[in-house]
Amino acid sequence: MRKKNNKIIDLIFNGQLQYSRKKQKKLVMWYGNSNLPILGLSLFYTLVWLLFFFFFFFPKKIESMRETKQQWNKRAYHFEKLRRGKLKKKLKKFFANMGAKVRSNQPKNFGKTSRTPRRPFEKERLDSELNLVGEYGLKNKRELRRVQLTVARIRSAARKLLTLPQDDPRRVFEGAALCRRLNRLGILPDEQNRLEYVLSIKVEDFLKRRLQTLVKEIATTKSVHHARVLIYQRHIVVGKQVVKSPSFLVRKNSQSFINFRDGSSIGGTGLPGRVKRKNLKKAAGGAAAGAEKADGDAKEAAEE
Numbered sequence: 000m001r002k003k004n005n006k007i008i009d010l011i012f013n014g015q016l017q018y019s020r021k022k023q024k025k026l027v028m029w030y031g032n033s034n035l036p037i038l039g040l041s042l043f044y045t046l047v048w049l050l051f052f053f054f055f056f057f058p059k060k061i062e063s064m065r066e067t068k069q070q071w072n073k074r075a076y077h078f079e080k081l082r083r084g085k086l087k088k089k090l091k092k093f094f095a096n097m098g099a100k101v102r103s104n105q106p107k108n109f110g111k112t113s114r115t116p117r118r119p120f121e122k123e124r125l126d127s128e129l130n131l132v133g134e135y136g137l138k139n140k141r142e143l144r145r146v147q148l149t150v151a152r153i154r155s156a157a158r159k160l161l162t163l164p165q166d167d168p169r170r171v172f173e174g175a176a177l178c179r180r181l182n183r184l185g186i187l188p189d190e191q192n193r194l195e196y197v198l199s200i201k202v203e204d205f206l207k208r209r210l211q212t213l214v215k216e217i218a219t220t221k222s223v224h225h226a227r228v229l230i231y232q233r234h235i236v237v238g239k240q241v242v243k244s245p246s247f248l249v250r251k252n253s254q255s256f257i258n259f260r261d262g263s264s265i266g267g268t269g270l271p272g273r274v275k276r277k278n279l280k281k282a283a284g285g286a287a288a289g290a291e292k293a294d295g296d297a298k299e300a301a302e303e
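Residue numbers (numbering that gives the first Met the number 0): 0 to 303.
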C-alpha cells in the first residue's frame, strides 16, 4: 500500500498525472499518509453497521420517534388553527389533553345508553312502543330504548345476585342498596324491598317517574306534550332547582315540591308572556275604542 502511494506521489511530482494544484494537494495529503484511507474506510463501515443494528434491533423506538414527531406536528397544526380563530371552542379541551398520557387499558368516559332491537320489524313490539311513546309524550324511540336498557341492566344485576347464597355478604350489601335505590325513586313500594320484586320491574314503572309525566298529573297542563314544552322553557322547578330535562327521574320525597318557577309567566309571579301581553293590549284597545264611541253617542244625543 505504501509503495503504491509513493508511486502515485512520484507521478504527480513528475507531471505525468496532470491535475490542478488544489487537487494535487488533496491527493498528496491523502496518499502521503497511508493510514488515512484505512481510517476512512473503517469509519464508513462502522457507521453502516451501526445504522443496520439500530434499525434492526430498535424498530419500536423508531416508530415511537415517528409517532412523537407526528404528535408534535399535529399540535403545531392545531396551534396554527387556534391562532386563526377556527378552534376557539376546542381550546379548553385541547389544553386539558396536552401532556396527558393515554393508556391502552384506560376506559373511555362514555358508553352506549341505548340498544337497538334484534328484530327491527316486529309488529307487536312496534305497536307497543308506539303506544308508550304517545302515552308518555316521548320525543323518539331512543328515549324509550334508554329506559329499556336501564331496566334490563337492573334485572340482570338482580338475577346475578339471586344466584349467590342468601348469607353471602355481596348479595346482602348490593341487594339492599339496589332495593333502597328503587324505593327512593318510587319505582318499588317500601314493603317490596327484596330482590325477587326487582325482577317484576317494567318499563312503565320508570316512565311514570319521569318529570314530564308528573308535571302532567300535578300541574294544570293541557297534555303530556304541553308538559314537555313547559319543562323545556324552564317554567318548572323541583324544590329550588330549575329542571329542563323531561326525562328527569323524580324521587318520592321530591314529588311534592314540583311547582312553577317564581318568575314564570304561566304559573308564577312573573310578567305575562308575549301572546298574553298581545291579547291584553288588544282587549284594552277595544275597551278604549268602545268607551270613546259611547261618549260620542252621548254627546250627539245631548245636542239633539
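Virtual Cβ for every residue (Gly too), placed ideally from N, Cα, C. Please read all numbers here as calculations on a predicted model, not as lab measurements.
Residue 132 holds the alpha-carbon nearest to the alpha-carbon of residue 206 among 262, 44, 175, 132.
Just so you know, the alpha carbons of residue 176 and residue 277 end up roughly 54 Å apart. Between the segment 254-261 and the segment 231-238, the count of C-beta pairs closer than 8 Å reaches three or more; the two stretches touch.
The Cβ-Cβ distance between residue 150 and residue 214 does not fall below 8 Å. Secondary structure within the segment 158-232: not one fully enclosed beta strand (DSSP E) run of 3 or more consecutive residues is present. Distance from the CA atom of residue 196 to the CA atom of residue 281, rounded to whole angstroms, is 59 Å. Residues of the same chain with a CB within less than 6 Å of the CB of residue 272, apart from the 5 flanking positions on each side, are 264 in chain order. Cβ contact annotation for residue 208 (same chain, cutoff 8 Å, sequence separation greater than five): 184, 185, 186, 248, 249, in chain order.
Membership of residue 258 in the beta strand (DSSP E) is indicated by the continuous run 257-259. Inter-residue distance for residue 144 and residue 182 is about 22 Å (C-alpha atoms, whole angstroms). Residue 211 places its beta carbon less than 8 Å from that of residue 245. The DSSP-derived three-state label of residue 242 is coil. Taken through DSSP and simplified to helix, strand or coil, residue 249 comes out as coil. Comparing alpha carbon positions, the residue from 162, 167, 113, 170 closest to residue 142 is 113. In summary, residue 227 is buried, with 16 or more beta-carbon neighbours lying within 10 Å of its beta-carbon over all protein chains present. Counting along the chain, residue 131 sits inside the alpha helix (DSSP H) bounded by residues 122-135.
Contact check for residue 200 and residue 153: beta-carbon distance about 6 Å, within the 8 Å limit, so the pair qualifies. In this structure, the beta-carbon distance from residue 198 to residue 157 falls below 8 Å. In this structure, DSSP gives residue 153 a helical state, which the three-state scheme calls helix. Of the other Cβ atoms in all chains shown, fewer than 16 fall within 10 Å of the Cβ of residue 274; this residue is therefore exposed.
Straight through space, the alpha carbons of residue 189 and residue 266 are spaced by roughly 33 Å.
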